[in-house]
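Data block below; observations after.
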Amino acid sequence: EGWDVTLADVDESAIELCRQNLDRNGLDGEVAHRNVNALLHESVFDVVDIDPFGSPIPFADAAFANTRDLVCVTATDTAPLCGAHFHSGVRKYSAVPRNTDYHAEMGVRILLSALARTAARYDAGVTPVLTHATNHYVRTYLELEHSASDANAAIDELGHVYHCEDCLYRESDPGLIADPIDACPECGSERVLAAGPLWLGPTHEADFAAAVREELDDSMGTASRAERLLSSLEAELHEPTHYDQHRLCKEWGRAASGMDEFLERLRDAGFAASRTHYGGTTFKTTATVAEIREATRHS
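The sequence shown begins at 1419 in the working numbering and counts up by one.
Written out as C-alpha cells, the structure is:
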C-alpha cells in the first residue's frame, strides 16, 4: 500500500495474467507489454524484481544500473548454476561451478557472485538479506548501497572453494585470483576441484529472516512452508559450504544417526553446528571433515 507498481513482460499471455492478478487482488498498477531492459533504462525504481524463465543475467545490468534500494532475483536454470551443465554455467555466470554434494549451495553462491560483480560495474555494493534454494530455483534479495567503496566491499566477499572428490575435504580461499591446492591436505589425493569465483560471505541476515517470519499470517496460502524455511535460515551458519550426514556416513562405512544427536556431538566437541535449509540431513559446521568424523564417531 502506498507504492506505485509496474509489471512488465514481452509475452502477451504473461501480461494478461498480470492484469488478472491485479484485478483479483483489488490492486492498482501499471502493466507494460515491453522488454524490461528498455523499461529499466528509461526509469529508476526503488525495488526491482527479476523473475524470468531461466537465467536472470540478461536483465542484471539494467536492474543494477537503475535501482535505488533492493534487487530481487529468481534463477530457475539450476543445472548450469550447480555445475551439472558445466559449460553453460561458465558461459552464463563467468565462473566455474562444480557439481558437488552441496550443489544447491554452489548454485546460490555462483549466482550471488555474478550479481555482485554486475552491480560493482555500476559502483553498487550488494548485501544479501535473504537467499534460499527451493524447489529447483534460487531466490535472493539484495540490498544496495551506491558507492565505489561499497562495491569494493562486495567484491571482497568473493573467492574460491577447493573440494577433494575422494575424502570430501573442502576449504575456501578469498580473492578473485584462484590459488588451487595441488593435493588434499587430509588424504593426499590430487583429485581436487576448484570452483569460483563464489560469494563466500553470508547469504542472508538472521534478523531479517526473523522479521519476515513475524509478518506471516494464516491467510497466506504458503505461510507454514515459509515459516519453516525462515526458521531454518535464522539458525543457519554462514560457512560457505554444507555437508550431508548421509553422504559422509556412506563414505565412512558408518550408519547414520539422528540429526539432533549428530549435531550435539559436534557442539560437545567445541564446534559450531547447525541444520541448513538445503535438506533434512544437511548441516553446517566450523569443523573439518576429519574433525567431523572424529567428533561423531560414537553418535
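Here a beta-carbon is modelled for each residue, glycine too, at the ideal position from N, C-alpha and C.
Note that this is a predicted model, so its numbers are computed, not measured.
Where does residue i land, buried or exposed, given buried means 16+ other C-beta within 10 angstroms?
{"i": "residue 1560", "result": "buried"}
{"i": "residue 1438", "result": "exposed"}
{"i": "residue 1546", "result": "buried"}
{"i": "residue 1527", "result": "buried"}
{"i": "residue 1501", "result": "buried"}
{"i": "residue 1558", "result": "buried"}
Using the three-state DSSP reduction, which class does residue i fall into: helix, strand or coil?
{"i": "residue 1707", "result": "helix"}
{"i": "residue 1618", "result": "coil"}
{"i": "residue 1664", "result": "helix"}
{"i": "residue 1426", "result": "strand"}
{"i": "residue 1509", "result": "helix"}
{"i": "residue 1462", "result": "coil"}
{"i": "residue 1435", "result": "helix"}
{"i": "residue 1487", "result": "strand"}
{"i": "residue 1700", "result": "strand"}
{"i": "residue 1446", "result": "coil"}
{"i": "residue 1716", "result": "coil"}
{"i": "residue 1493", "result": "strand"}
Within its chain, find whatever has a CB closer than 8 Å to the CB of residue i; leave out the 5 residues flanking it on each side and keep chain order.
{"i": "residue 1647", "result": "1550, 1552, 1695"}
{"i": "residue 1576", "result": "1531, 1534, 1535, 1592, 1593, 1594, 1614, 1615, 1616, 1617, 1618"}
CB-CB under 7 Å to residue i, same chain, minus the five flanking residues each way: which ones, in chain order?
{"i": "residue 1479", "result": "1536"}
{"i": "residue 1555", "result": "1492, 1493, 1494, 1496"}
{"i": "residue 1509", "result": "none"}
Any beta-carbon of chain D closer than 9 Å to the one on residue i?
{"i": "residue 1461", "result": "Although the question refers to chain D, the structure presented lacks it and comprises just one protein chain."}
For residue i, tell me which candidate among the options has the shortest Cα-Cα distance.
{"i": "residue 1461", "options": "1446, 1486, 1716, 1472", "result": "1486"}
{"i": "residue 1603", "options": "1589, 1514, 1615", "result": "1589"}
{"i": "residue 1493", "options": "1509, 1530, 1597, 1483", "result": "1530"}
{"i": "residue 1716", "options": "1683, 1691, 1698", "result": "1683"}
{"i": "residue 1514", "options": "1457, 1594, 1638", "result": "1594"}
{"i": "residue 1570", "options": "1539, 1586, 1599, 1555", "result": "1539"}
{"i": "residue 1586", "options": "1440, 1426, 1454, 1711", "result": "1711"}
{"i": "residue 1629", "options": "1512, 1645, 1637", "result": "1645"}
{"i": "residue 1541", "options": "1573, 1713, 1611, 1596", "result": "1573"}
{"i": "residue 1655", "options": "1666, 1640, 1702, 1639", "result": "1702"}
Can you name, in chain order, every residue of its own chain whose Cβ lies under 6 Å from the Cβ of residue i, other than the five neighbours on each side?
{"i": "residue 1503", "result": "1497"}
{"i": "residue 1623", "result": "1547"}
{"i": "residue 1522", "result": "1551, 1696"}
(message) Please give the ranges of any beta strand (DSSP E) in the stretch 1540-1613, keeping only runs that are unbroken, at least 3 residues long and fully inside the region.
(response) 1542-1552, 1555-1564, 1576-1582, 1588-1592
(request) Just list the beta strand (DSSP E) runs in the stretch 1634-1694, keeping only unbroken ones of 3 residues or longer that don't cross its boundaries, in chain order. (result) Scanning the stretch 1634-1694 from its first residue to its last, the whole beta strand (DSSP E) runs of 3-plus residues come out as 1691-1693.
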